[in-house]
Amino acid sequence: MKRVFSGVQPTGNIHLGNYLGALKQFVELQNDHECIYCIVDEHAITVPQDPKELRKHILDVAALYMAIGIDPKKSIIFVQSQVSGHAELGWILCCNSYTGELSRMTQFKAKSGGKESVGTGLLTYPVLMAADILLYDTDVVPVGNDQKQHIELTRDIAIRVNNKYGDTFVVPDGRFMKAGARIMALDDPEQKMSKSAENIHSRISLLDEDSKIKKSIMRATTDSDGEIRFDPENKPGVSNLLNIYSALTGKTVEEILAGQSWRGYGDLKKELVAVTQEALAPIKQNYNEIRESEELIRVLKDGAERANAIAEPVMKRVRDKFGLGI
C-alpha cells in the first residue's frame, strides 16, 4: 500500500474548512493506504504560544482526529515533537534549501508583509513541513489547496538532494481538494475560512454549539439579488454556502439545486444550519467521550513508537548519504 502522511497544527479549534479540505480525506484514505497522521506542535511555535494552552490543544486535536473517524488500529496518530527525526531532518533540509525560494512562498509573504523583521521559523516553516513528509518515505500528502506551493517545495528539495547524493528520498505527490470545494469565510467569501480570523462568525468549528452554528450561518454574507445559483465569481457568498452543503451531504451542487424549493437566502441558510448541526453532532459526541479518556494518551504514545520505527531507518539512510556521524 502507498504511504500517506499529513498533519494539523494544535492551534485553536479545527473548523469546517480544515475538515472538508483535508481531514475528511484522512478518514477516506486509511482504508486502502498506510496512513500516518501527526499533530505538528513544532510548527505551532513559529509564533508565541502559551505552554499550557499548547499542550491542551495537542490533546484536543488528537481527540478530534479520532472523533472524525481516524482509527488508531488502521492509522498512526502521534505528536511531532515526540519523534526527534523531524527536527533533525528539518535542519539537514534547511542546509539544502535557499532563502530566495523560501521568501517567495505565498504564506510567508502574507504573514510577513509590512513587518521590518519576523521570526526565522516563519521563513523556514516549509522546510520543516518538507522534513515531516520526507521522514516517512511518503507517497501521498492529503492537504488543502492552499498547501500546493509547500508540496512543490518538498518535491523540489527531495529531487535536489537525490540528484546530489543519490536516491535518498521518495518524491511525494499532493492529494488536493476537488475544484470548487474550497471553503471560504462566512463573513468574507473572498477569503478562505481561518481559525485566526478575529470574527468568530467567519467560521464554524467542529465543536461549536448548535446555537453558534445557527448564528454564524444565518449571518453569512450573500448578496442583494436574492437568486440562489452557483456562481463563484459573481455570487461568492451563496456559492460558498452551496459548497458547504455539498461537502457535508455528499450531493453535487446540481443535485442540491435541482431538489430545492427555497424561496430565498433565508430558507437556504436555515436548511444548511440543520445539515451542519446533523453532520457535526456525532463528531462532538465522539470527541467528548475520547478527550478525557486514558486511551487517548495510550494512542499517542503507541503512535510515537510506531512512527519512530519508520523514521529512524530513513534518518540512518540520510546520515549515511550526507556523511554524518561515525
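For the sequence shown, the working numbering assigns the number 1081 to the initial residue and increments by one for each residue that follows.
Backbone N, C-alpha and C fix where the C-beta goes; we use that ideal spot for every residue, glycine too.
Fair warning: this is a prediction, and the values are worked out from it, not measured in the lab.
Give a yes or no on whether the C-beta atoms belonging to residue i and residue j are separated by under 7 Å.
i	j	result
N1225	R1262	yes
I1138	P1090	yes
I1297	V1353	yes
C1174	T1200	no
T1234	V1241	no
H1143	L1360	Strictly speaking, residue 1143 in this sequence is Ala, with His absent from that position. The answer is no: Cβ separation not under 7 Å.
I1308	I1148	no
L1287	N1093	yes
S1319	P1312	yes
Q1187	D1290	no
P1222	R1184	no
Using the beta-carbon count (16 or more within 10 Å), is residue i buried or exposed?
i	result
V1207	buried
V1159	buried
G1330	exposed
P1393	exposed
Q1271	exposed
V1220	buried
Q1105	buried
Q1227	buried
What is the residue span of the alpha helix (DSSP H) that residue i lies within?
i	result
F1188	1186-1192
R1240	1228-1245
G1180	1179-1183
Y1145	1131-1147
S1326	1316-1329
N1093	Neither: N1093 is in no alpha helix (DSSP H) and is coded neither H nor E.
G1201	1200-1214
D1400	1374-1402
E1270	From DSSP, E1270 is part of no alpha helix (DSSP H); its letter is neither H nor E.
By the three-class DSSP mapping on this structure, what secondary structure does residue i have?
i	result
R1343	coil
G1170	helix
D1288	coil
I1156	strand
R1083	strand
K1349	helix
M1298	helix
K1104	helix
K1275	coil
Which residues bound the beta strand (DSSP E) around residue i?
i	result
Y1117	1114-1119
P1222	1220-1222
G1254	1253-1255
Check whether the Cβ of residue i lies closer than 7 Å to any Cβ atom in chain B.
i	result
A1361	As a matter of chain content, chain B is missing from the structure shown, which is built from one protein chain.
Original post:
Between the segment 1190-1198 and the segment 1211-1223, do at least 3 Cβ pairs fall closer than 8 Å?
Top reply: no
**OP:** Decide if the segment 1379-1393 is in contact with the segment 1160-1170; the criterion is three or more beta carbon pairs, one per stretch, under 8 Å apart.
**Re:** In short, these stretches touch, since the Cβ pair count reaches three.
Original post:
If we count Cβ pairs, one from each stretch, closer than 8 Å, do we get three or more for the segment 1332-1348 versus the segment 1109-1116?
Top reply: no
**OP:** Determine, using beta-carbon pairs with one atom in the segment 1089-1105 and one in the segment 1272-1282, whether at least three such pairs fall under 8 Å.
**Re:** Touching, per the Cβ criterion.
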